[in-house]
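To start, the structure itself, in structure tokens.
Protein chains: 2
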Amino acid sequence: MPARIAEAVWQGTLQEGSGTLKLGSGVYEGPYTYLSRFEEGAGTNPEELLGAAEAGCFTMALGARLSRAGFIVNRIATTATVYLEKNESGFSVTRIDLVTEGDVSGVDEASFRQHAEEAENTCIISRALNVPLTLSAKLIN
Amino acid sequence: MPARIAEAVWQGTLQEGSGTLKLGSGVYEGPYTYLSRFEEGAGTNPEELLGAAEAGCFTMALGARLSRAGFIVNRIATTATVYLEKNESGFSVTRIDLVTEGDVSGVDEASFRQHAEEAENTCIISRALNVPLTLSAKLIN
Numbered sequence: 028m029p030a031r032i033a034e035a036v037w038q039g040t041l042q043e044g045s046g047t048l049k050l051g052s053g054v055y056e057g058p059y060t061y062l063s064r065f066e067e068g069a070g071t072n073p074e075e076l077l078g079a080a081e082a083g084c085f086t087m088a089l090g091a092r093l094s095r096a097g098f099i100v101n102r103i104a105t106t107a108t109v110y111l112e113k114n115e116s117g118f119s120v121t122r123i124d125l126v127t128e129g130d131v132s133g134v135d136e137a138s139f140r141q142h143a144e145e146a147e148n149t150c151i152i153s154r155a156l157n158v159p160l161t162l163s164a165k166l167i168n
Numbered sequence: 028m029p030a031r032i033a034e035a036v037w038q039g040t041l042q043e044g045s046g047t048l049k050l051g052s053g054v055y056e057g058p059y060t061y062l063s064r065f066e067e068g069a070g071t072n073p074e075e076l077l078g079a080a081e082a083g084c085f086t087m088a089l090g091a092r093l094s095r096a097g098f099i100v101n102r103i104a105t106t107a108t109v110y111l112e113k114n115e116s117g118f119s120v121t122r123i124d125l126v127t128e129g130d131v132s133g134v135d136e137a138s139f140r141q142h143a144e145e146a147e148n149t150c151i152i153s154r155a156l157n158v159p160l161t162l163s164a165k166l167i168n
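Residue numbers (our numbering), protein chains in the order written: chain A, 28 to 168; chain B, 28 to 168.
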């Protein structure tokens with residue numbers, strides 16, 4: 028099982044400095060700053076990367092579960108929203124909301140939702156997180 | 028405080044299907060597959076995105092701490108290695124190793140390491156994770 032790599036560089040102070048993030052696969056390298064993280068500047072930020080990890084893992088896991096159960100996964104689309112809020116520990120990721128829609132042949136709504144809940148609870152990245160997750164799952168066939 | 032968004036799409040079975048991941052900032056959208064995650068195919072995977080979130084957060088936090096303490100952060104570079112291994116829960120992220128090198132004016136090695144340990148323990152993404160972290164911190168002035 029390959030280990031996965033990512034790299035970060037930071038130069039300068041928090042508010043006036045800047046950084047770069049790079050994915051080990053080589054598919055992306057780009058800037059991040061105080062503004063891109065805590066306000067609305069251009070560039071990426073750790074929270075959207077965390078959201079992409081969770082959305083990607085959950086959606087793949089849900090597709091795998093439904094396929095194994097004999098359903099045809101035409102398309103599952105998930106949006107993860109990562110909340111960064113100030114609480115007693117300073118800024119914290121307080122919640123990740125998953126909203127998923129499935130175009131899946133053969134499954135009924137209740138079974139789709141049950142598979143989605145199980146993917147939410149058991150997928151690799153969900154188990155690697157210490158953050159409350161919420162899920163809204165809808166069949167859109 | 029803005030909420031951050033990421034999106035995932037999956038089509039098909041686990042091993043023959045494919046997906047796309049998109050960051051809400053718009054800086055990256057690209058494919059992921061079973062091969063790019065569990066073997067050595069082209070594309071990204073949730074684990075390197077998780078590593079980029081942690082490396083980016085830790086490195087920014089360390090730069091912020093050192094700057095606030097009055098040191099000049101010329102450059103801090105961190106590599107995160109994310110281990111995906113099979114254990115009693117199935118595949119799991121079993122550990123993230125952080126290796127950081129700092130070119131920082133005015134600080135001594137012991138103080139640099141202490142700030143690095145505190146950034147590792149307290150940064151926003153570290154607190155959002157349920158995964159053992161290790162740290163190797165070196166001053167390279």
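All residues carry an ideal CB built from backbone N, CA and C; glycine is no exception.
Collapsed DSSP secondary structure at A:Thr172 in the structure displayed: It is not possible to answer for residue 172 of chain A, since the shown part of chain A is limited to 28 through 168.
Taking the DSSP output, what are the residues bridged to B:Pro58? Here the question's residue 58 of chain B lines up with position 31 in the second sequence. Bridge partners of B:Pro58: B:Thr47.
Nearest-angstrom Cα distance between B:Leu41 and B:Asp130? For the purposes of this step, residue 41 of chain B is taken as residue 14 along the second sequence, with counting starting at 1. For the purposes of this step, residue 130 of chain B is taken as residue 103 along the second sequence, with counting starting at 1. Distance between the alpha carbons of B:Leu41 and B:Asp130: 44 Å.
Reduced DSSP category for B:Phe139 - H, G, I as helix; E, B as strand; rest coil: In the second sequence, the residue the question calls residue 139 of chain B occupies position 112. Of the three classes helix, strand and coil, the one that applies to B:Phe139 here is helix, per DSSP.
Does A:Ala91 have its Cβ less than 7 Å from a Cβ in chain B? Numbered from 1 along the first sequence, position 64 holds the residue referred to as residue 91 of chain A. Chain B contact via Cβ: present.
Could you check whether A:Glu145 and A:Leu162 sit closer than 7 Å to each other, using their CB atoms as the reference points? Walking along the first sequence from the start, residue 162 of chain A turns up at place 135. Walking along the first sequence from the start, residue 145 of chain A turns up at place 118. No, the pair does not count as a contact, with Cβ atoms beyond the cut-off.
Quick one, which of B:Gly51, B:Lys165, B:Asn114 has its alpha-carbon nearest B:Ile32's? Walking along the second sequence from the start, residue 32 of chain B turns up at place 5. The candidate whose alpha carbon is nearest that of B:Ile32 is B:Gly51.
For B:Phe118, decide whether its Cβ has a neighbour in chain A, counting only Cβ atoms nearer than 7 Å. Stepping through the second sequence from its first residue, residue 118 of chain B is reached at position 91. Closer than 7 Å to some Cβ of chain A, the Cβ of B:Phe118 qualifies, so yes.
7 Å Cβ cutoff, A:Gln141 in contact with chain B: Taking the first residue of the first sequence as 1, we reach residue 141 of chain A at position 114. Judged by the 7 Å Cβ criterion, A:Gln141 is not in contact with chain B.
Members of the segment 87 to 113 of chain B near chain A, C-beta cut-off 8 Å: Met87, Leu89, Gly90, Ala91, Ser94, Arg95, Val100, Asn101, Arg102, Ile103, Ala104, Thr105, Thr106, Ala107, Thr108, Val109, Tyr110, Leu111, Glu112, Lys113
From what residue to what residue does the beta strand (DSSP E) around A:Ile167 run? In the first sequence, residue 167 of chain A corresponds to position 140, counting from 1. Taken as a continuous stretch (DSSP letters only), A:Ile167 belongs to no beta strand (DSSP E), as it is neither H nor E.
Would you tell me roughly how many angstroms separate the C-alpha atoms of B:Asn168 and B:Thr60, rounded to the nearest one? Position 141 of the second sequence holds residue 168 of chain B. Position 33 of the second sequence holds residue 60 of chain B. The straight-line gap from Cα to Cα measures roughly 41 Å.
Could you tell me whether the Cβ of B:Arg31 comes closer than 7 Å to any Cβ of chain A? Against the second sequence, residue 31 of chain B aligns to sequence position 4. Interface residue, yes.
What does the Cβ neighbour count give for B:Asn101, buried or exposed, with the cut at 16 atoms within 10 Å? For the purposes of this step, residue 101 of chain B is taken as the residue at position 74 of the second sequence. With fewer than 16 other Cβ atoms within 10 Å, it is exposed.
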